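Engineer: FYI, in my numbering the residues of the sequence shown are 482 to 706.
Note that beta-carbon positions come from the ideal geometry of N, C-alpha and C, so glycine has one too.
Keep in mind that this is a model prediction, so the values were computed, not measured.
Got a structure here, written out as structure tokens. Questions coming.
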Amino acid sequence: MGTITFTTTAFAIRIGCHLQTSNFNLTFFPSNLSTSALLKHSSPIMSANSLQVNASSAIDVPSEELGASSRGNIGANDLLIVGPGVLGRLVAEKWREEYPGCQIYGQTVTTNHHDELIKMGINPSSKQTKLTYKFPYVIFCAPPSQTEDYAGDIREAALNWNGEGSFLFTSSSAPYDCFDNGAINEDGPVVPIGRSPRTDVLLKAEKVALDFDGCVVRLAGLYSR
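Rendered as structure tokens:
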């Protein structure tokens, strides 16, 4: 079973990623915090500012090709972003800063923004294209508004993870049963299934991610500036 964490940080200003041999940290932090500060987040205890899950530096690399725009073997630090929009592109930017030699792949619903992604150094593919590689790191950032089967899409994304690094689903703080603007954390009560179609979609999607031993981050807010 995976883990859930909640961050109240206006996290999308910067996202930092630090890889270690035995664990993977995805930490949200303000733009004035240096990446080196991430090294301090080494405790296995979950906090509001860091997410840590088991990982390994060794992967089994399949021999098939991913597609015409991205050939060759998948490396130990390579990343698949499902839904490379505002959040996904920020993740790509910070990941590449940490691992300059890595390959970053982006899976989209349409091909409308593929030229933009290529200019950013992201290898794009459409949702309709079956990926023949499995990746050590997969992050799912696509919103539920773009699909009729959100949980199914997360299941498909998890099947593209080789289980060695981390699978992360970016959820929302909407499932928390809190309407008085009070303080909450990852242990807070959630809206019961059946009360709200919106939260039902998210809770079912989270369950899929956790069933695959992935991680869920419930984000309190997202903005690009």
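#1: Whose C-beta lies closer than 7 Å to the C-beta of G602 among residues of the same chain, with five residues either side of it excluded?
#2: Which partner residues of P605 appear in the DSSP bridge assignment?
#3: Sort out for me which residues DSSP pairs V682 with in a bridge.
#4: Taking 7 Å as the limit between beta carbons, can you name the residues of its chain near Q707, skipping five residues before and five after?
#5: Per DSSP, I620 forms a beta bridge with which residues?
#6: Pick out whichever of R570, T613, T610, P617 has its Cα sitting closest to the Cα of N643.
#7: DSSP state of Y614, grouped into three classes?
#8: Below 8 Å on the Cβ atoms is my guess for V682 versus S652; work out the distance and round it to an integer in Å.
#9: Work out the CA separation of L561 and T592 for me, nearest whole Å.
#10: If you draw a straight line from the C-alpha of E597 to the C-alpha of K608, how long is it?
#11: What residues in its chain sit with their C-beta under 7 Å from that of I674, if we drop five residues either side in the sequence?
#12: Please name the residue in P656, E667, D694, D661 whose C-alpha comes closest to that of R676.
#13: Considering only the alpha carbon of each residue, which of G633, N558, K615 lies closest to V689?
#14: Could you tell me the alpha carbon to alpha carbon distance between E667 and D658, rounded to whole angstroms?
#15: How would you label N662, buried or exposed, when you count the other beta carbons within 10 angstroms and need 16 or more for buried?
#16: Whose C-beta lies closer than 7 Å to the C-beta of G695 among residues of the same chain, with five residues either side of it excluded?
#17: Could you tell me which residues DSSP pairs with V671 in its beta bridges?
#18: With DSSP collapsed to three states, give me the class of G569.
#19: What do you get for G582, buried or exposed, if any count of 16 or more other CB atoms within 10 angstroms of its CB means buried?
#20: Please report the residue range of the alpha helix (DSSP H) in which D630 lies.
#21: Under DSSP, the alpha helix (DSSP H) around L598 begins and ends at which residues?
#22: In whole angstroms, give me the CA-to-CA distance for L691 and G669.
#23: Can you say whether F693 is buried or exposed, counting buried as having 16 or more other CB atoms within 10 angstroms of its CB?
#24: Return the Cβ separation of V619 and N641 in integer angstroms, given the expectation that the two are a contact with Cβ distance under 8 Å.
Structural biologist: In terms of the structure at hand:
#1: R577, I585
#2: G587
#3: Partner(s): none; V682 has no beta bridge.
#4: No statement about residue 707 is possible, as the shown extent of the chain runs from 482 to 706 and does not include it.
#5: I562, L649
#6: P617
#7: coil
#8: About 10 Å; that fails the 8 Å criterion.
#9: 16 Å
#10: 17 Å
#11: D681, L684
#12: P656
#13: G633
#14: 12 Å
#15: exposed
#16: G483, A639, F648, L649, F650
#17: Y657
#18: helix
#19: exposed
#20: It is not in any alpha helix (DSSP H) - D630 carries neither H nor E in the DSSP assignment.
#21: 595-600
#22: 17 Å
#23: buried
#24: 6 Å
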